[in-house]
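Taking it in order: structure first as structure tokens, then the write-up.
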Amino acid sequence: MNHPNSAIPESAKPSWWLRYEMWQAHSHEKFLRRWGTRFPRLRNRASSRRLVIALIVSWILVFMCSIAAFFTMWFGLPFIALIAFVFLPVLYVLRAITLNVSDAPAAALDEIQLSTRNSARSLAFTVLWVGMFIPYLLLILISSGADDSVSGQVIYGAGMLLIVLVVAATSIPICIVGWWLADPDPEDYAVYDPPQYSQVPPHETRNATTTGGLDQ
């Protein structure tokens, strides 16, 4: 029997992919055990929306730095500073207060969380492939000019712009989850005990499932 939340049948998954899924589940469990009760004062809709706005503003500033990369190499210092000291810390806090719903494996989410995550990822994918046309069209316009050569600075800037757009698109799911975060009961986070995942290696799980199916 195939997992209802998996697009790939269990019998078609190689053992390394099953091991990866188990590693992903344990990583999510480890993250929740460490951060599941942190930042209690931020676990409300007003605070999470302020964090989402801060994340969007930091991305806009990073986007401006990537545009500056077309003209100068001095963009690097503010670019690195914004990523290291603003964007990533805010992103990590959002992951903690939303219980990492946007990046969690399907087996660790309930029905509502899974539906929210999937719809947010669908929107992020749409924004991603549409946004990729921006640097591509920019390169086409530049290369169609009178000059047959394109400077290395322009190519470098296009590469940085691509990276920033990909990072922005992959941040959309957590922004959606954080923006609509409900105001929880404080007792919900008094003690957090994430679900335990099976310790059985993936190949043994597959063999047991196959054997059970043959016996039936």
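The numbers in my numbering rise by one with no breaks, and the one at position 205 of the sequence shown is 423. Each residue gets a CB set at the ideal place from its N, CA and C atoms; glycine is no exception.
Practice task
Could you name the residues of the same chain whose beta carbon sits closer than 7 Å to that of Phe288, not counting the 5 residues immediately before and after it, in chain order?
Solution key: If we look at Phe288 and ignore the five residues flanking it on each side, its Cβ neighbours are Gln371, Val372, Gly375.
Exercise for the section: Locate the alpha helix (DSSP H) running through Asn336, then write down its first and last residues. Expected result: Under the DSSP assignment, Asn336 falls in the alpha helix (DSSP H) whose first and last residues are 329-349.
Problem - Reference Ala314; option with closest CA among Trp234, Ala230, Glu228, Leu260 - result: Distance check between Ala314 and each of Trp234, Ala230, Glu228, Leu260 places Leu260 closest, using alpha-carbon atoms only.
Handout entry: Length of the line joining the Cα atoms of Met282 and Ile298
Key = Taking the straight line joining both Cα atoms gives about 13 Å.
Practice task
Out of Leu312, Trp277, Ile301, Ile226, state which residue places its alpha-carbon closest to the alpha-carbon of Leu399.
Solution key: Comparing Cα positions, the closest option is Leu312.
Practice task
Counting only the same chain and skipping the five closest in sequence on each side, list residues whose C-beta sits under 6 Å from that of Val382.
Solution key: Here the set comprises Val280, Phe281, Ser284.
Handout entry: Counted within 10 angstroms of its Cβ, other Cβ atoms place Arg252 as buried (16 or more) or exposed
Key = Exposed is the call here.
Handout entry: CB of Thr334 within 9 Å of CB of Ile392, strictly
Key = Their beta carbons are not under 9 Å apart, which means Thr334 does not touch Ile392 by this criterion.
Exercise for the section: Would you tell me roughly how many angstroms separate the C-alpha atoms of Phe343 and Arg263, rounded to the nearest one? Expected result: So the two alpha carbons sit approximately 25 Å from each other.
Problem - Selection from Leu357, Pro296, Leu379 that minimises the alpha carbon distance to Ser369 - result: Nearest of Leu357, Pro296, Leu379 to Ser369, Cα basis: Leu357.
Practice task
Mind the definition here: the segment 222-234 touches the segment 302-312 only if three or more C-beta pairs lie below 8 Å; say whether that holds.
Solution key: Touching, no, given that fewer than three Cβ pairs across the two stretches are closer than 8 Å.
Handout entry: Endpoints, alpha helix (DSSP H) assigned at Ala251
Key = Residue identity differs from the one stated: residue 251 is Arg in this sequence, not Ala. Here the alpha helix (DSSP H) through Arg251 covers 233-253.
Exercise for the section: List the endpoints of the continuous alpha helix (DSSP H) containing Val385. Expected result: Counted as a single uninterrupted DSSP element, the alpha helix (DSSP H) harbouring Val385 occupies residues 370-388.
Handout entry: Cβ-based burial, Met291 [other Cβ within 10 Å; buried from 16]
Key = Exposed.
Practice task
Return the CA-CA distance between Val275 and Asn318, expressed in angstroms with no decimal places.
Solution key: The straight-line gap from Cα to Cα measures roughly 21 Å.
Exercise for the section: Kindly indicate which three-state DSSP category Pro323 falls into: helix, strand or coil? Expected result: Residue state, collapsed to three classes: coil.
Problem - Per-residue DSSP class, three states only, for Ile298 - result: Residue state, collapsed to three classes: helix.
Exercise for the section: Using alpha carbons as the reference points, say which of Pro323, Thr388, Tyr354 lies closest to Leu341. Expected result: Checked all of Pro323, Thr388, Tyr354; the closest Cα to Leu341 is Thr388.
Exercise for the section: Determine the DSSP secondary structure at Ser224, reduced to helix, strand or coil. Expected result: Ser224 sits in coil when the DSSP states are folded into three classes, being neither helix nor strand.
Practice task
Go ahead and label Ala230 buried or exposed: buried means 16 or more other beta carbons lie within 10 angstroms of its beta carbon, across all protein chains shown.
Solution key: Per the 10 Å Cβ criterion, exposed.
Handout entry: Sub-9 Å separation of Ser245 and Ala324 beta-carbons
Key = No.
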